[in-house]
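Visitor: Attaching a single structure in structure tokens format; questions to follow.
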Amino acid sequence: MATWIWILIVIVALIAGTALGFYLARKYMMDYLEKNPPINEDVLRMMMMQMGQKPSQKKINQMMSMMNKNMKDVKK
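The sequence shown begins at 1 in this note's numbering and counts up by one.
Next up, the structure:
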């Protein structure tokens, strides 16, 4: 085969591999973050205490529900 065909095959394979790798890495990270959220109630409570606020359970529940709603909106 001609050299230009091999060059074309290599370029197409690199582009396809990059696109597939990006898609799989993104899907893996989205699933991981859904199963293991980076912010939970304890972290939120600590952040509020560091900002000088007294965290009530009601306020923490409101913030957690708001964050969960935002995550679902971003996912769509």
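All C-beta atoms, glycine included, are put in the ideal place defined by N, C-alpha and C.
Quick check on K54: does DSSP put it in helix, strand or coil?
Guide: DSSP places K54 in the coil class of the three-state scheme, outside both helix and strand.
Visitor: Does the beta-carbon distance from R45 to P37 come in below 7 Å?
Guide: Not closer than 7 Å, so no.
Visitor: Is DSSP giving A25 helix, strand or coil here?
Guide: The three-state reading of DSSP puts A25 in helix, counting H, G and I together.
Visitor: Just how far apart, CA to CA, sit I5 and V12?
Guide: Each residue's Cα considered, the two are about 11 Å apart.
Visitor: Quick one: Cα of K35 to Cα of T3, how far?
Guide: 48 Å
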